[in-house]
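Participant:
2 protein chains.
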Amino acid sequence: MRVNKFLSIYEEIVEQIQSGKLKPNEKLLSENELVEKYDTSRETIRKALNLLSQNGYIQKIKGKGSFVLDVGRFDFPVSGLVSFKEIAQKTGKPWRTIVYELEDIKPDDYIQKQLHISSKDSVWKLVRARELEHERIILDKDFILKKTVPSLTKEICEGSIYEYIEGELGLTISFAKKEISVDEPTEEDRKYLDLKNYEHVVVVKNYVYLEDTSLFQYTESRHRLDKFKFVDFARRGQ
Amino acid sequence: MRVNKFLSIYEEIVEQIQSGKLKPNEKLLSENELVEKYDTSRETIRKALNLLSQNGYIQKIKGKGSFVLDVGRFDFPVSGLVSFKEIAQKTGKPWRTIVYELEDIKPDDYIQKQLHISSKDSVWKLVRARELEHERIILDKDFILKKTVPSLTKEICEGSIYEYIEGELGLTISFAKKEISVDEPTEEDRKYLDLKNYEHVVVVKNYVYLEDTSLFQYTESRHRLDKFKFVDFARRGQ
DNA sequence: AAGTGGTCTAGACCACTTC
DNA sequence: AAGTGGTCTAGACCACTTC
Chain A
1 MRVNKFLSIY EEIVEQIQSG KLKPNEKLLS ENELVEKYDT SRETIRKALN
51 LLSQNGYIQK IKGKGSFVLD VGRFDFPVSG LVSFKEIAQK TGKPWRTIVY
101 ELEDIKPDDY IQKQLHISSK DSVWKLVRAR ELEHERIILD KDFILKKTVP
151 SLTKEICEGS IYEYIEGELG LTISFAKKEI SVDEPTEEDR KYLDLKNYEH
201 VVVVKNYVYL EDTSLFQYTE SRHRLDKFKF VDFARRGQ
Chain B
1 MRVNKFLSIY EEIVEQIQSG KLKPNEKLLS ENELVEKYDT SRETIRKALN
51 LLSQNGYIQK IKGKGSFVLD VGRFDFPVSG LVSFKEIAQK TGKPWRTIVY
101 ELEDIKPDDY IQKQLHISSK DSVWKLVRAR ELEHERIILD KDFILKKTVP
151 SLTKEICEGS IYEYIEGELG LTISFAKKEI SVDEPTEEDR KYLDLKNYEH
201 VVVVKNYVYL EDTSLFQYTE SRHRLDKFKF VDFARRGQ
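Right, here's the structure in full:
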């Protein structure tokens with residue numbers, strides 16, 4: 001079976017940029033030269049280069065060529081939430097996930113509205129705290145359609161739910177929408193988080209969709225505000 | 001001169017979705033049928049469809065077809081800051097921009113570091129408050145390289161700086177990086193914002209790059225936390 | 001078996017930048 | 001004039017979903 005040619009070219013160039021073999025502001029080989037080098041067609045090279053451009057590795061300039069961006073300036077992840085797991089793994093600080101609740105519920109009005117379901121649909125309610133350096137700084141409240149994910153265990157919830165959903169269940173998550181705002185802490189926040197004296201929490205509402213465009217998960221992440229950071233990288237034009 | 005064919009096909013289908021001629025979950029014509037309809041090649045149709053997919057209008061499923069997403073679920077803007085101007089224009093509430101400072105400065109250490117420049121480069125410092133319903137809720141502190149934007153006036157700053165930069169100066173902004181975090185208010189925040197008793201502000205640091213990959217603007221937007229909202233829409237995979 | 005989108009090829013013409 | 005990336009064409013084979 002043939003593997004994606006454009007993807008492996010993309011990955012090879014990413015590796016060259018990350019390892020420093022290709023340096024910031026350096027000019028890549030031209031598209032025609034890359035066609036020669038990889039013995040492929042120009043459209044395949046262009047697919048690889050467009051992916052590099054979309055992901056912030058290079059900048060293409062018409063008439064001039066493609067240039068390596070200074071990725072060091074964009075501390076990873078290039079876009080998205082700087083999750084507690086990433087912080088923890090980068091800094092090597094001790095962390096863990098505490099599962100407070102895992103139950104099968106009938107959704108209330110608010111959850112019905114968020115997931116666009118009726119009161120008849122069963123939902124997993126999962127409440128977890130994320131602890132970093134012995135402080136619980138994020139409260140994740142997940143609501144997952146039971147008809148999509150029939151069984152969940154405490155063990156799965158302590159690890160990665162997405163690995164289970166995509167790996168074990170073979171489902172494909174295709175897109176997600178996030179809304180970030182600030183709110184006052186609830187009783188639940190005060191109970192399950194080490195909030196100190198902060199009078200607000202950063203609330204990230206996350207709506208997760210499957211490949212068939214169905215919404216199957218709503219997550220509310222409530223962050224202690226001193227530990228919150230979000231990075232967004234946006235390219236202009238198409 | 002030939003106009004982009006794939007772009008006009010994209011725009012035509014966007015219009016059909018927004019006007020309701022194509023309804024949520026409805027199946028689009030297949031790629032081969034669209035080739036017939038628009039009398040073009042399949043790769044051109046695919047470019048238009050991929051753009052629709054990237055911008056959240058449709059979902060493509062292998063073996064099945066392309067389906068209209070329920071864009072109503074994603075209140076615009078699909079991604080990015082829900083800016084005070086957009087809120088104001090949507091709700092029709094009264095708003096204005098107040099220019100407090102516009103001067104030509106020598107950058108201090110912090111600004112030198114943010115813009116990757118030396119103390120010799122001149123910089124415009126611009127401080128503006130955004131007022132909505134007679135409350136100043138956002139403080140925008142812009143630092144703009146003078147060698148890129150030689151002249152700025154109070155009138156330009158009260159309107160849209162980007163319109164001036166892209167329209168009048170003919171420069172192309174190619175990408176931007178945002179960092180969102182929460183901080184304590186400064187003296188300046190207390191002076192120029194109607195902060196009420198909030199003890200924190202949401203800080204959005206924005207780094208703006210030109211087509212030649214040069215960083216020319218650093219903006220720090222300091223939001224009163226009760227008025228802050230950010231929306232992010234992310235597709236998985238490539 | 002027929003239809004779907006995903007990948008790939010080998011060409012073409014174009015506008016822009018460099019020399 | 002030569003080199004660059006951007007758009008477009010007309011084909012091919014593939015894996016996946018539907019019937």
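Here the protein sequences line up with chains A and B, keeping their order. 1 is the number of the first residue of the first sequence in UniProt numbering; add one for each residue after it. 1 is the number of the first residue of the second sequence in UniProt numbering; add one for each residue after it. Note that beta-carbon positions come from the ideal geometry of N, C-alpha and C, so glycine has one too. Model, not experiment: these values are computed from the prediction.
1) Enumerate in chain order the residues of its own chain whose CB-to-CB distance from Lys60 of chain B is below 6 Å, with the five nearest sequence positions on each side excluded.
2) Could you check whether the Cβ of Phe228 of chain A sits closer than 8 Å to any Cβ belonging to chain B?
3) Any beta-carbon of chain A closer than 8 Å to the one on Glu12 of chain B?
4) Run through DSSP, which three-state label would Ile117 of chain A get?
5) Which stretch, first to last residue, makes up the alpha helix (DSSP H) that contains residue 244 of chain B?
6) Enumerate in chain order the residues of its own chain whose CB-to-CB distance from Lys154 of chain A is below 8 Å, with the five nearest sequence positions on each side excluded.
7) Could you spell out the range, first to last residue, of the alpha helix (DSSP H) harbouring Ser53 of chain B?
8) Mind checking who Arg224 of chain B pairs with in its DSSP beta bridge?
9) Give me the residue from A:Leu132, A:Leu51, A:Gln112 with the minimum Cα distance to Lys125 of chain A.
10) In the DSSP assignment, find the unbroken alpha helix (DSSP H) run with Glu38 of chain A in it and report its ends.
11) Going by C-alpha to C-alpha distance, which of A:Thr186, A:Glu187, A:Lys93, A:Ser8 sits closest to Glu135 of chain A?
12) Applying a beta-carbon distance threshold of less than 7 Å, which residues of chain A neighbour Thr213 of chain B?
13) Tell me which residue opens and which closes the beta strand (DSSP E) that Asp140 of chain A is part of.
14) Kindly indicate the opening and closing residues of the beta strand (DSSP E) around Lys177 of chain A.
15) Would you mind telling me which residues of chain B sit closer than 7 Å to Leu195 of chain A, beta carbon to beta carbon, in chain order?
16) For Gly56 of chain B, count the other beta carbons within 10 Å of its own beta carbon; 16 or more makes it buried, fewer makes it exposed. Which is it?
17) Examine chain A for any beta-carbon lying closer than 8 Å to the beta-carbon of Ser19 of chain B, and answer yes or no.
18) Does any residue of chain B bring its CB to less than 8 Å from the CB of Thr219 of chain A?
19) Relative to the C-alpha of Asp70 of chain B, which candidate in B:Arg190, B:Ser8, B:Ile144, B:Leu22 has its C-alpha closest?
Facilitator: Walking through what the data contain:
1) For the purposes of this step, residue 60 of chain B is taken as the residue at position 60 of the second sequence. The beta carbon of Lys60 of chain B sits closer than 6 Å to the beta carbons of Ser53, Ser66 from its chain, once the five residues preceding and following it are set aside; these are given in chain order.
2) Locating residue 228 of chain A in the first sequence gives position 228, counting from the first residue. Chain B, which has a Cβ nearer than 8 Å to the Cβ of Phe228 of chain A, makes this yes.
3) Within the second sequence, residue 12 of chain B is the residue found at index 12, counting from 1. No, Glu12 of chain B does not count as interfacial toward chain A.
4) Your numbering for residue 117 of chain A matches position 117 in the first sequence. In the three-state DSSP reduction, Ile117 of chain A falls in the coil class, being neither helix nor strand.
5) The requested residue 244 of chain B is not part of the displayed model; chain B covers only 1 to 238.
6) The residue given as residue 154 of chain A occupies position 154 in the first sequence. Within the same chain, Cβ atoms closer than 8 Å to the Cβ of Lys154 of chain A are found at Val99, Leu102, the five residues on either side in sequence being excluded.
7) Here residue 53 of chain B corresponds to residue number 53 of the second sequence, with the count starting at 1. Element bounds for Ser53 of chain B: 42-54.
8) The residue labelled residue 224 of chain B in the question sits at position 224 within the second sequence. The partner list for Arg224 of chain B (beta bridge, DSSP) reads B:Val201.
9) Taking the first residue of the first sequence as position 1, residue 125 of chain A is located at position 125. Comparing alpha carbon positions, the residue from A:Leu132, A:Leu51, A:Gln112 closest to Lys125 of chain A is A:Gln112.
10) Here residue 38 of chain A corresponds to residue number 38 of the first sequence, with the count starting at 1. According to the sequence shown, residue 38 of chain A is Tyr rather than Glu. First-last of the alpha helix (DSSP H) with Tyr38 of chain A: 31-38.
11) Your numbering for residue 135 of chain A matches position 135 in the first sequence. Nearest of A:Thr186, A:Glu187, A:Lys93, A:Ser8 to Glu135 of chain A, Cα basis: A:Lys93.
12) Sequence index remark: in the second sequence, residue 213 of chain B carries index 213 (1-based). Residues of chain A with a Cβ closer than 7 Å to the Cβ of Thr213 of chain B are, in chain order, Gln59, Phe67, Leu69.
13) Numbered from its first residue, the first sequence carries residue 140 of chain A at position 140. Start and end: 135-145.
14) The residue given as residue 177 of chain A occupies position 177 in the first sequence. For Lys177 of chain A, the enclosing beta strand (DSSP E) starts and ends at 173-183.
15) Taking the first sequence and counting its residues from 1, one reaches residue 195 of chain A at position 195. Identification of chain B residues near Leu195 of chain A by a Cβ-Cβ cut-off of 7 Å yields none; the smallest Cβ-Cβ distance measures about 13 Å.
16) Translated into the one-based positions of the second sequence, residue 56 of chain B becomes position 56. Counting the other CB atoms within 10 Å of its CB gives Gly56 of chain B a total of 16 or more, which places it among the buried residues.
17) Within the second sequence, the letter at position 19 stands for residue 19 of chain B. Answer no: the Cβ-Cβ gap between Ser19 of chain B and chain A never drops below 8 Å.
18) Taking the first residue of the first sequence as position 1, residue 219 of chain A is located at position 219. So, not an interface residue.
19) Against the second sequence, residue 70 of chain B aligns to sequence position 70. When the alpha-carbon of Asp70 of chain B is set against those of B:Arg190, B:Ser8, B:Ile144, B:Leu22, the nearest one is in B:Leu22.
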